[in-house]
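Line by line, the protein sequences are chains A and B. Numbering-wise, the first sequence is residues 1 to 347 according to full-length UniProt numbering. Numbering-wise, the second sequence is residues 1 to 347 according to full-length UniProt numbering.
Protein chains: 2
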Amino acid sequence: VSGAGAGVSSELRSANAHSRGCAQTRAIQEALDTLRGNVKSLVVSGGIPRISSKSLTSLKFYREYVAKNQPVIITGCLNEWPASKLWSMDYLSKILGEEKVTIDFTPDGRGDSLTPDGKTFVVPATRKVRFRDFAHILRSPKPNRVAYLQHQNSNFSKEFKILHSHIKPLRFAEEAFSAPPDAVNIWVGDQRSVSSLHRDPYENIYCVIRGSKTFTLLPPSDAPYLAEQEFPLAELEMRRHEGGTRDCHWRINPTGQKVRWIPVDPDFPKRIRADAKCLRNARPDLISPLRCTVDAGEVLYLPSSWFHQVSQTTLTIAVNFWYDMEFGMRWALLEYLEHSTKIGSAD
Amino acid sequence: VSGAGAGVSSELRSANAHSRGCAQTRAIQEALDTLRGNVKSLVVSGGIPRISSKSLTSLKFYREYVAKNQPVIITGCLNEWPASKLWSMDYLSKILGEEKVTIDFTPDGRGDSLTPDGKTFVVPATRKVRFRDFAHILRSPKPNRVAYLQHQNSNFSKEFKILHSHIKPLRFAEEAFSAPPDAVNIWVGDQRSVSSLHRDPYENIYCVIRGSKTFTLLPPSDAPYLAEQEFPLAELEMRRHEGGTRDCHWRINPTGQKVRWIPVDPDFPKRIRADAKCLRNARPDLISPLRCTVDAGEVLYLPSSWFHQVSQTTLTIAVNFWYDMEFGMRWALLEYLEHSTKIGSAD
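Quick look at the structure:
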């Protein structure tokens, strides 16, 4: 039991000189060891299965995956979507050409992400851009400007009305969740854009239409090792270079607000300086990541509360559906796990 | 936050002089307070709903109750059972008359239960008895002999083959669990028999055919307050009185084995002496019990891992189905809760 949960209790040690021998701390460490073993053998060891939508009833989907909080890739269910046949950047530029859509801009593809010094959380600069111009920006990469169509607040429902008939609700999901989605989002970006590790309070049905998405998934029980904490929130501001070249330059504008975020990068652990203060309680060596690549035509069921980091290796177009998650016994027990291992944190 | 979780940490205090100020202990107490509040508002506050089987699809049953780990009473689904029309003690005596069935005998109706001094766990004396004689025993109560047909190890499947066609699997449950039951049990007893607080690693579909059953249910998250621990296991032995009267007398025979059990009685907190050593870590004041009476013709879905204590107010005949439970994320988180709050216990 020696050091297995040591990271979790390091703030405790500094906070309380008596705590080194505290029986409760040792009990927590042993309980965490057991939890990791159980989650590995019951949830993670089977990997992320790929199943055909043909034999997938809504009951089976709910029982085997949603109720178990178990990710799965479902094949064959986008064949009937007009989007699968029609969508390409050329086609979308033709259809949407003059329509203005919300685009997130960053210098490095990392929107909603911590700066490499681990001190600040930055949100992208957003601009309303004609879709045709967005397509041109993607075709003409610049070293310090990355565009990503990913604004999320149901951006597909709001800004892409002309394309609504190109996608269809997935029967097994609609029946299983017994309600329409809370939000439908569209994502268009290339290999330079990534989404840093986070989780959403939604059941997520993620449909890849062109290209492919690579997900790193962490089970909710990994929360004690990720050192989620508050960071100052800043906004990226994009400006043309004053010297008259067409390069951008960037400012980071503090907002005075705070946001909770995770400093651990499960794919590139060295992105944030290893001695950064925010990593003090992180134990990335104890996480249980699952990785998968979801290709065009495939759907990932990404269960609520799972941590995920997302990237792509080529130009990728995707649509996702967020359905309400269940706040019941499992959620309450997960909250207990997080509260019981969070000692002396800011909130 | 002061004393709310104090019972949980009392062994800790005696085990470790430094622990009084341990930040980890305070964090656990706060986390338990939050868990109790969340479970009350999300799970317990709605009580145990009564719903009609008419509108109950297997998907709805799984989504709204099984996946949520939420008890529910279902009405109207036993109407088609021949058992509902036919079964009475007279009828069963006629049909089963000479058949021998396994009966549990106790002096006080408390089989599988702790003695009032809280020092020993006793199992009933079992006898193979002609059903007709069992019916006679129920009709002719003696002060120190209680008979209960409840042997559980799929006793309906094994000892009541002649009645198998009188019950039918419940469609919503068979479809939802996607497998036949692991065990089918029959229960026949009167108001003197009770089942002390315990939980089963099964999804339980409990069907009352005659009489009524009263359940006290505790959510799995109440585990930290119940002081489950090891007790010496003893067997009750029933003997005729040597003086030649027809009264029984009883011996308690130690087995040398141990068994884990719960000393808390949520309905009669004074049954075990309040100063008994086994109650030292119990906090019955912090539990969140739900109570319900299931009448003839009704079915209780009793979710896996819920603690339950069961009694009846009159002669009652019931059949229950045990289905495999899911060992996944929720179970792993529940184990974490129990391990993280169990300090210095025997195992």
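No residue lacks a Cβ here, since even glycine has one placed at the ideal position from N, Cα and C.
Residue state for Trp331 (chain B) is assigned as helix, using DSSP reduced to three classes. For Trp81 (chain A), the closest of A:Glu338, A:Ala296, A:Val44 and A:Val310 by C-alpha to C-alpha distance is A:Ala296.
Spatial neighbours of Ser113 (chain A) in its own chain (CB-CB distance under 6 Å, excluding positions within 5 residues in sequence) are listed in chain order as Ser196. Secondary structure note for Tyr225 (chain A): it is in no alpha helix (DSSP H), with a DSSP letter that is neither H nor E.
Shortest Cα-Cα distance from Arg132 (chain B) to any of B:Tyr91, B:Ala332, B:Asp285 and B:Arg192 involves B:Tyr91. Interface flag for Glu175 (chain A) against chain B is set, since a Cβ pair is found closer than 8 Å. Between Thr216 (chain B) and Pro289 (chain B), the CB-CB gap stays under 8 Å. At the C-beta level, Ile205 (chain A) and Tyr301 (chain A) come within 8 Å of one another.
At least 8 Å separates the CB of Arg171 (chain A) from every CB of chain B. For Pro232 (chain B) against Phe121 (chain B), the beta-carbon gap comes to about 7 Å, under 8 Å, which counts as contact.
Taking Ala223 (chain A) as the centre and dropping the five residues before and after it, the same chain places the C-beta of Glu338 closer than 6 Å to its C-beta, in chain order. Secondary structure remark: continuous beta strand (DSSP E) runs of at least 3 residues inside the stretch 123-188 of chain A, in chain order: 125-130 and 146-148. Under the 10 Å beta carbon count, Phe105 (chain B) is surrounded by 16 or more other beta carbons and is classified as buried. Rounded to the nearest angstrom, the Cβ distance from Glu228 (chain A) to Arg260 (chain A) is 6 Å, consistent with a contact under 8 Å. When beta bridges are read from the DSSP output, Ala318 (chain B) appears opposite B:Trp187 and B:Val208. The shortest C-alpha to C-alpha distance from His166 (chain A) to any of A:Ile186, A:Lys60 and A:Thr75 is the one to A:Ile186. In the DSSP annotation of this structure, Asp285 (chain B) is not part of any alpha helix (DSSP H), being labelled neither H nor E.
Take Val184 (chain A), set aside five residues on each side of it, and the residues of its chain with a beta-carbon closer than 7 Å to its own are Ser154, Phe156, Ser157, Val319 and Phe321, in chain order. For the 8 Å CB-CB criterion, Arg199 (chain B) and Trp306 (chain B) form a contact. Taking the beta carbon of Pro220 (chain A) as reference, the chain B residues within 9 Å of it are Met329 and Leu333, listed in sequence order. Inter-segment contact for the stretch 47-67 of chain B and the stretch 266-281 of chain B is absent: fewer than three beta-carbon pairs are separated by less than 8 Å.
In this structure, the alpha-carbon of Asn79 (chain A) lies about 35 Å from that of Gly328 (chain A). Residue contact with chain B for Val44 (chain A): absent (no Cβ-Cβ distance below 8 Å to any residue of chain B). Excluding the 5 residues flanking it on each side, Cys77 (chain A) has same chain C-beta neighbours closer than 7 Å at Ser53, Leu170 and Val299, in chain order. With its beta carbon at least 8 Å from every one in chain B, Leu300 (chain A) lies outside the interface.
Not a single CB atom of chain A sits nearer than 8 Å to the CB of Leu138 (chain B). Judged by DSSP secondary structure, Tyr91 (chain A) falls outside any beta strand (DSSP E) and instead within the alpha helix (DSSP H) spanning Met89 to Leu96. The residues Arg127, Val129, Phe134, Ala147 and Leu149, in chain order, have a CB closer than 6 Å to that of Ile103 (chain A) in the same chain once the five nearest residues on each side in sequence are set aside. For chain A, the residues of the stretch 65-81 of chain B that bring a beta carbon within less than 8 Å of one of its beta carbons are Val66, Ala67, Lys68, Asn69 and Gln70, in chain order.
Counting other Cβ atoms within 10 Å of its Cβ, Gln309 (chain B) reaches 16 or more and is therefore classed as buried.
Taking the Cα positions, Val44 (chain B) is about 17 Å away from Leu334 (chain A). In the displayed model, Val264 (chain B) falls within coil according to three-state DSSP, outside both helix and strand. Secondary structure note for Glu235 (chain B): its beta strand (DSSP E) is the uninterrupted segment Gln229 to Arg240.
Thr316 (chain B) places its beta carbon less than 8 Å from that of Lys213 (chain B). Residue environment analysis places Lys342 (chain A) among the buried positions, since at least 16 neighbouring C-beta atoms fall within 10 angstroms of its C-beta.
Residue-level contact by beta carbon holds for Arg63 (chain A) and chain B, with a gap shorter than 8 Å.
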